[in-house]
Amino acid sequence: MIKTPEYSCPICLNPLHKSANSLSCTQNHMFDFAKEGYINLLPVQLKNSLQPGDDKNMVLARREFLLLGHYDFLRQALVKTLLSLPHNNIIDLGCGEGYYTDFIQSQTPETNVYGVDISKSAVKYAAKRNKQVHYCVATNSHVPFADNFSDIIVNVFAPLIGKECQRVLNDKGRILSVSPGAQHLIELKQCIYDTPELHDAAKPPEGFALADKQDIEQQVILNNPTDVENLLTMTPFGWKISEQNKQSLLSQLPFQLTLSFTLNQFTLTK
């Protein structure tokens, strides 16, 4: 059974209540559900562009690449850690097209799971994929939840605003944040840069401290040119690689690639 979502107005932070196919607050701010089931809680005054976040091409490329299963070991590790912690009202900030959110919900069916992303294209697809998740378009700098609302914020490769995370987490709440490991996609970098640099370790957001970290790494083989194209499109490397280097990369198939991640647990410092 789909539980009723508990959102707060992104403008005034008063509770939002459902009426027909909309949510509204006592200040008469109203937001409509889309036909796919998500709700847009990104008012125009909080937008930084006409179409913020990942565009449709990036979303589709990431969807197709992730469907290959290469990142499944990461989401398995993420959920294993999540299940070892209190996890009422899970918020996936920067949920994208729902690859991790969908799996989290399937493993925590009695919990309210929320997916939040600034990209309407991403959230639209995510909502089509799983009707049991509460999806919304919103910005991480003004998340539509009450103070002390959640036990867990999940964050995979997306920006975190420490002040907002402090506000919506309860006193014992944690951020489970996935960042690139030092060697992540190093072979791809070697095709682009003369001197590729390793990824730096992620720093805790303001108001948080590192409580635990887990390094997760796996080697995969890419055999298909389309898979390489999708990987490039879903990452910043897509517009950094020259056409000459891209053709050189495609000529090296099958291509071995390092997928390296760090799963960080951040806790409140006060």
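For the sequence shown, full-length UniProt numbering begins at 1 and goes up steadily by one.
Backbone N, C-alpha and C define an ideal beta-carbon position, used for all residues, glycine too.
Cα separation between residue i and residue j?
{"i": "M30", "j": "L23", "result": "6 angstroms"}
{"i": "A182", "j": "N28", "result": "48 angstroms"}
{"i": "W201", "j": "L83", "result": "The amino acid occupying residue 201 in the given sequence is Ala; Trp does not appear at that position. The alpha-carbon atoms of A201 and L83 are separated by roughly 24 angstroms."}
{"i": "M58", "j": "T233", "result": "6 angstroms"}
{"i": "N230", "j": "V156", "result": "18 angstroms"}
{"i": "P254", "j": "E164", "result": "44 angstroms"}
{"i": "P10", "j": "L42", "result": "7 angstroms"}
{"i": "V137", "j": "D117", "result": "5 angstroms"}
{"i": "I241", "j": "K124", "result": "29 angstroms"}
{"i": "L250", "j": "G69", "result": "21 angstroms"}
{"i": "A146", "j": "Y7", "result": "7 angstroms"}
{"i": "E64", "j": "T226", "result": "9 angstroms"}
{"i": "Y193", "j": "K246", "result": "12 angstroms"}
{"i": "N14", "j": "N148", "result": "14 angstroms"}
{"i": "L60", "j": "G94", "result": "16 angstroms"}
{"i": "C12", "j": "C25", "result": "9 angstroms"}
{"i": "K35", "j": "I153", "result": "27 angstroms"}
{"i": "D54", "j": "S121", "result": "7 angstroms"}
{"i": "P159", "j": "Q244", "result": "32 angstroms"}
In the DSSP assignment, what residue or residues form a beta bridge with residue i?
{"i": "K213", "result": "N264"}
{"i": "Q256", "result": "I221"}
{"i": "C136", "result": "I39, V116"}
{"i": "I152", "result": "I90, R174"}
{"i": "D32", "result": "S22"}
{"i": "P10", "result": "Answer by DSSP bridge pairing: none, since P10 is not bridged."}
{"i": "F208", "result": "L268"}
Indicate the three-state DSSP secondary structure (helix, strand or coil) for residue i in the structure shown.
{"i": "D200", "result": "coil"}
{"i": "C165", "result": "helix"}
{"i": "D227", "result": "helix"}
{"i": "S22", "result": "strand"}
{"i": "S141", "result": "coil"}
{"i": "P15", "result": "strand"}
{"i": "S242", "result": "coil"}
{"i": "S251", "result": "coil"}
{"i": "S106", "result": "helix"}
{"i": "S121", "result": "helix"}
{"i": "residue 271", "result": "Residue numbering for the chain in the displayed model covers 1 to 270; residue 271 lies beyond these limits and cannot be assessed."}
{"i": "F157", "result": "coil"}
My understanding is that residue i touches residue j, with C-beta atoms under 8 angstroms, so please give their C-beta distance in whole angstroms.
{"i": "T101", "j": "V143", "result": "Wrong, their Cβ atoms sit about 15 angstroms apart, outside the cutoff."}
{"i": "P196", "j": "K203", "result": "So it is not a contact: roughly 21 angstroms between Cβ atoms."}
{"i": "L66", "j": "Y99", "result": "5 angstroms"}
**Cβ pair count under 8 angstroms reaching 3, the segment 224-240 against the segment 170-181** = no
**Request:** May I ask you to verify whether the segment 251-270 touches the segment 210-217, counting CB pairs closer than 8 angstroms and requiring at least 3?
**Result:** yes
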